[in-house]
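When we follow this note's numbering, the leftmost residue of the sequence shown carries the number 112, and every step to the right adds one. A virtual CB, placed ideally from N, CA and C, is assigned to each residue, including glycine. In this text, all values refer to a predicted model and were calculated from it rather than measured experimentally. Please read the structure below before turning to the comments.
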Amino acid sequence: MNPHGRMATLLLLSTLFAGGCRGEMETGDPGLILDLAISPTPPAVGQARLIISLEDSAGAPVDGAEILVEGNMSHAGMAPVVDTALAEGPGRYGIADFRFTMAGDWVLTLRATLPDGRWVQAGKATNVVGDMGGGR
């Protein structure tokens, strides 16, 4: 095999190998269910309320979790918005003033970690509209 053929073969094999090593993103304990609602809907640039629920697979509320939320725009160049949810009731957590800094497509990633080490991660895509007026 000539040098060009060897190089092409190596590139092909490395591409296939790298693709085979990539797995799906881990989501944590399948027995935990994390859900997110955003108010207002649709969210606008400025403050929004995030309402988060955490349940087990039987639908029972799960308390005692630390829940972090990271918001990223779908394009590069923007700093992420990171906040921690506070417990509000059985299996219910919230962030009263999550700040969307720009209009456009956002992905919110939630990660809940329990004191026993179990965790679950979920994501939600949303479109943030421009300021609706009223000085949010």
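Just measuring C-alpha positions, the residue of 239, 188 and 144 sitting nearest residue 211 is 239. In the three-state DSSP reduction, residue 152 falls in the coil class, being neither helix nor strand. Counting of Cβ neighbours within 10 angstroms places residue 241 among the exposed residues, the total staying below 16. Under DSSP, no beta-bridge partner is assigned to residue 188.
Relative to residue 194, the option among 227, 177 and 140 whose CA is nearest is 177.
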